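Engineer:
Protein chains: 4
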Amino acid sequence: MTKTPRDPHFEARVRDSFARQRAMATLGITMGRVVPGEVDLEVPYREDLTQQHGFLHAGVIATMADSACGYAAFSLMAADVGVLSVEFKINLLAPARGQRFVARARVLRAGRTLSVCAADVVAVDGTQETAIAALQATIMAIAGRADVQH
Amino acid sequence: MTKTPRDPHFEARVRDSFARQRAMATLGITMGRVVPGEVDLEVPYREDLTQQHGFLHAGVIATMADSACGYAAFSLMAADVGVLSVEFKINLLAPARGQRFVARARVLRAGRTLSVCAADVVAVDGTQETAIAALQATIMAIAGRADVQH
Amino acid sequence: MTKTPRDPHFEARVRDSFARQRAMATLGITMGRVVPGEVDLEVPYREDLTQQHGFLHAGVIATMADSACGYAAFSLMAADVGVLSVEFKINLLAPARGQRFVARARVLRAGRTLSVCAADVVAVDGTQETAIAALQATIMAIAGRADVQH
Amino acid sequence: MTKTPRDPHFEARVRDSFARQRAMATLGITMGRVVPGEVDLEVPYREDLTQQHGFLHAGVIATMADSACGYAAFSLMAADVGVLSVEFKINLLAPARGQRFVARARVLRAGRTLSVCAADVVAVDGTQETAIAALQATIMAIAGRADVQH
Numbered sequence: 002m003t004k005t006p007r008d009p010h011f012e013a014r015v016r017d018s019f020a021r022q023r024a025m026a027t028l029g030i031t032m033g034r035v036v037p038g039e040v041d042l043e044v045p046y047r048e049d050l051t052q053q054h055g056f057l058h059a060g061v062i063a064t065m066a067d068s069a070c071g072y073a074a075f076s077l078m079a080a081d082v083g084v085l086s087v088e089f090k091i092n093l094l095a096p097a098r099g100q101r102f103v104a105r106a107r108v109l110r111a112g113r114t115l116s117v118c119a120a121d122v123v124a125v126d127g128t129q130e131t132a133i134a135a136l137q138a139t140i141m142a143i144a145g146r147a148d149v150q151h
Numbered sequence: 002m003t004k005t006p007r008d009p010h011f012e013a014r015v016r017d018s019f020a021r022q023r024a025m026a027t028l029g030i031t032m033g034r035v036v037p038g039e040v041d042l043e044v045p046y047r048e049d050l051t052q053q054h055g056f057l058h059a060g061v062i063a064t065m066a067d068s069a070c071g072y073a074a075f076s077l078m079a080a081d082v083g084v085l086s087v088e089f090k091i092n093l094l095a096p097a098r099g100q101r102f103v104a105r106a107r108v109l110r111a112g113r114t115l116s117v118c119a120a121d122v123v124a125v126d127g128t129q130e131t132a133i134a135a136l137q138a139t140i141m142a143i144a145g146r147a148d149v150q151h
Numbered sequence: 002m003t004k005t006p007r008d009p010h011f012e013a014r015v016r017d018s019f020a021r022q023r024a025m026a027t028l029g030i031t032m033g034r035v036v037p038g039e040v041d042l043e044v045p046y047r048e049d050l051t052q053q054h055g056f057l058h059a060g061v062i063a064t065m066a067d068s069a070c071g072y073a074a075f076s077l078m079a080a081d082v083g084v085l086s087v088e089f090k091i092n093l094l095a096p097a098r099g100q101r102f103v104a105r106a107r108v109l110r111a112g113r114t115l116s117v118c119a120a121d122v123v124a125v126d127g128t129q130e131t132a133i134a135a136l137q138a139t140i141m142a143i144a145g146r147a148d149v150q151h
Numbered sequence: 002m003t004k005t006p007r008d009p010h011f012e013a014r015v016r017d018s019f020a021r022q023r024a025m026a027t028l029g030i031t032m033g034r035v036v037p038g039e040v041d042l043e044v045p046y047r048e049d050l051t052q053q054h055g056f057l058h059a060g061v062i063a064t065m066a067d068s069a070c071g072y073a074a075f076s077l078m079a080a081d082v083g084v085l086s087v088e089f090k091i092n093l094l095a096p097a098r099g100q101r102f103v104a105r106a107r108v109l110r111a112g113r114t115l116s117v118c119a120a121d122v123v124a125v126d127g128t129q130e131t132a133i134a135a136l137q138a139t140i141m142a143i144a145g146r147a148d149v150q151h
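Residue numbers (the numbering used here), protein chains in the order written: chain H, 2 to 151; chain U, 2 to 151; chain B, 2 to 151; chain Z, 2 to 151.
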């Protein structure tokens, strides 16, 4: 697997695309580190995103981890393609309890059409990190479709 | 697999628990049909929940489908347990384009500790339905833990 | 989703390809029903394929269900492509106890490049069937590669 | 997550249980390294375990990786429980081409009832290793059931 980006402007392209994801702003998810094949996203604890026991909803964790995977794959792709998630799978290791939550995604396989990524999600409380989820995703590069760009 | 609920008041218990999921209100997800072992959830299209191409974010679809599975399992459980998602897997069959989206979950296996559920998600446009996602989830019954009730 | 096969000779093509899967013969897996978008595979109980408790190994069940999905997808594809599994996920609903085991696969989405399939696996004991597994798989059509044909 | 085994004789218990998996001998899968929370399994290339293009069948890779995960979890469990796979998910990164294949499993979360494990599978050709699969699995500890021991 090469970690050399096909597009030297990959970081701007990743951050621009992320900024167009309206759901990220609504959920309060922000982008951290972006390097070729690796992207971090982060979300603070918010009471209005909890499930019935007061933990952050597993779906919000999955949304963040899936997006981190999509952008990790996107960072290695050519400048003229868009990406869509094909599928993802998440194991929830512990309830999402903490001040904030960080998803760290990395590309396991960077293919021309399909990429496979993994993300680890941790809960952060003060200086302590607890692993709360592990996600694996398949991301597809889409070229030449007007409705799926960047 | 029995579809006889252990708790005759299963529907009230399901709807009460759902009403305490703050994330559902924030995302605009509402509960439809509740029968033993089957629960439907629904969300309208909302621009502020889209991904970069203007489709509803796959994470929102996954959040809804996972919650539908959790409540399908919960509907068959005893009155004194809570539920947590152990894991789920989603295949995205088509971009989430439409006026509204419905997740229909059913229990495949109702175990004492673990239940397995599947959800189909469709996009609805006028009278037309398009399959957009299929999810499989493992849901765990939690008894005797103060932080995981109902 | 159309269930019209692109290749009128789909059944012969499916059965020929299956006959070339050496692993199927070694494991004793045979092909049953083949219709457009649906394929059944079957394996008898065999002591030499058990796990440590004497149940048929979950991996053998997964192998059979994944192959059934691959051929269900293959049945709808053009005559000149080969297929590879991209990923699959299996939930084991009950231990594989019985005289024989049948995987019934169906296509959920038949795409030009990617197809999504689901398989249910049952254990058969006399006239009784018990659901033992549910699998979801992504299958990729491969064209123009000498090492991946049919 | 603690990597301290509950049972000081974990290695003998793991190897004894593996030796009772008849499917492993039939498929030619052998056990390598066993440390607390980590287990390696290995299989040579065998023509009679191939799929239609001559690669080792993905199901055999999945069988090996799932078993490696099961034993990684088992290595951290108490002496009197048995294990069953609840579910697993595998992404196939490249066709299984090589002289031999090694699955390296590690525990991500060691719970009293449920453990979550991940396995990486590589193809080995001479001195070169190629990543061919990544698997995530949920393993359940079973106590007090006569049919599920060790």
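Here a beta-carbon is modelled for each residue, glycine too, at the ideal position from N, C-alpha and C. In this text, all values refer to a predicted model and were calculated from it rather than measured experimentally.
1. CA-CA distance, H/Ala-111 and U/Ala-147?
2. Does the Cβ of H/Gln-52 have 16 or more other Cβ atoms within 10 Å, making it buried, or fewer, making it exposed?
3. Here's the rule: buried if 16 or more other CB atoms are within 10 angstroms of the residue's CB, otherwise exposed. What is Z/Ala-79?
4. For Z/Gln-129, is the classification buried or exposed, using 16 other Cβ atoms within 10 angstroms of its Cβ as the cut-off for buried?
5. Is Z/Asp-41 helix, strand or coil by DSSP?
6. Given a threshold of 16 other Cβ atoms within 10 Å of its Cβ, counted over all protein chains shown, does B/Val-40 qualify as buried or as exposed?
7. Return helix, strand or coil for H/Met-2, following the three-state DSSP convention.
8. Using a Cβ cut-off of 9 Å, pull out every chain Z residue sitting near H/Lys-4, in sequence order please.
9. Assign Z/Asp-148 to one of three DSSP states: helix, strand, or coil.
10. Any idea if Z/Ala-144 is buried or exposed, counting beta-carbon neighbours within 10 angstroms, 16 or more meaning buried?
11. Quick check on the burial criterion: 16 or more other C-beta atoms within 10 angstroms. Buried or exposed for Z/His-10?
12. For a contact meaning CB atoms closer than 9 Å, what does H/Glu-43 contact in chain B?
13. Could you give the distance in angstroms between the alpha-carbon of B/Val-123 and the alpha-carbon of B/Leu-28?
14. What's the gap between the Cα of H/Thr-131 and the Cα of B/Val-125?
15. Excluding the five sequence neighbours on either side, which residues of its own chain have a C-beta within less than 6 Å of the C-beta of U/Ala-69, listed in chain order?
16. Contact check, B/Pro-37 vs B/Ser-76 under 8 Å by CB: the rounded distance?
17. In this structure, how does DSSP classify B/Asp-67 when only helix, strand and coil are distinguished?
18. Does DSSP put Z/Arg-107 in a helix, in a strand, or in coil?
19. Based on DSSP bridge pairs, tell me the residues matched to Z/Gln-129.
20. Using a cut-off of 7 Å between C-beta atoms, extract the partners of U/Gln-53 located in chain H.
21. By Cβ distance below 7 Å, which residues in the same chain neighbour U/Leu-50 in space, the five residues on each side in sequence not counted?
22. Quick one: give me the first and last residue of the alpha helix (DSSP H) that Z/Thr-27 is part of.
23. Mind checking if Z/Leu-94 is an interface residue toward chain H, Cβ cutoff 7 Å exclusive?
24. Tell me which same chain residues have a C-beta within less than 8 Å of the C-beta of H/Pro-96, skipping the five on either side of it?
25. Between the alpha carbons of B/Cys-118 and Z/Cys-118, how many angstroms are there, rounded?
26. Which chain H residues sit within Cβ distance under 7 Å of Z/Gln-137?
27. Which partner residues of Z/Ser-116 appear in the DSSP bridge assignment?
28. What are the boundary residues of the beta strand (DSSP E) that includes H/Ser-18?
29. Grouping DSSP H, G and I as helix and E and B as strand, with all else coil, what is H/Asp-50?
30. Helix, strand or coil for H/Phe-56, going by three-state DSSP, please let me know.
31. Just checking: is the beta-carbon of Z/Ser-76 within a distance shorter than 7 Å of some beta-carbon in chain B?
32. Using 7 Å as the threshold, is the C-beta distance between U/Ala-74 and U/Ile-140 below it?
33. Inspect the beta-carbon positions of B/Asp-67 and B/Ala-138 and report whether they are closer than 7 Å.
Structural biologist: Put simply:
1. 44 Å
2. buried
3. exposed
4. exposed
5. strand
6. buried
7. For H/Met-2, the predicted structure reports a pLDDT of 49, less than 50, and the residue's modelled location is therefore unreliable. A value from the coordinates is still provided. Of the three classes helix, strand and coil, the one that applies to H/Met-2 here is coil, per DSSP.
8. Those do not exist, as H/Lys-4 stays about 13 Å from chain Z at its closest Cβ, beyond 9 Å.
9. coil
10. exposed
11. exposed
12. Under the 9 Å cutoff, chain B gives no residues; its nearest Cβ is about 27 Å from H/Glu-43.
13. 17 Å
14. 44 Å
15. Val-40, Leu-42, Ala-104, Ala-106, Ala-120
16. 6 Å
17. helix
18. strand
19. Z/Asp-126
20. Ser-18, Arg-21, Gln-22, His-151
21. Leu-28, Leu-57, His-58, Val-61
22. 23 to 28
23. yes
24. His-54, Phe-56, Ile-133
25. 25 Å
26. Lys-90, Asn-92, Ala-135, Gln-137
27. Z/Ala-111, Z/Ile-140
28. Here H/Ser-18 belongs to no beta strand (DSSP E); instead the alpha helix (DSSP H) covers 11 to 20.
29. The sequence shown places Leu at residue 50 of chain H, rather than the Asp named in the question. If DSSP states are grouped into helix, strand and coil, H/Leu-50 belongs with the helices.
30. coil
31. no
32. yes
33. yes
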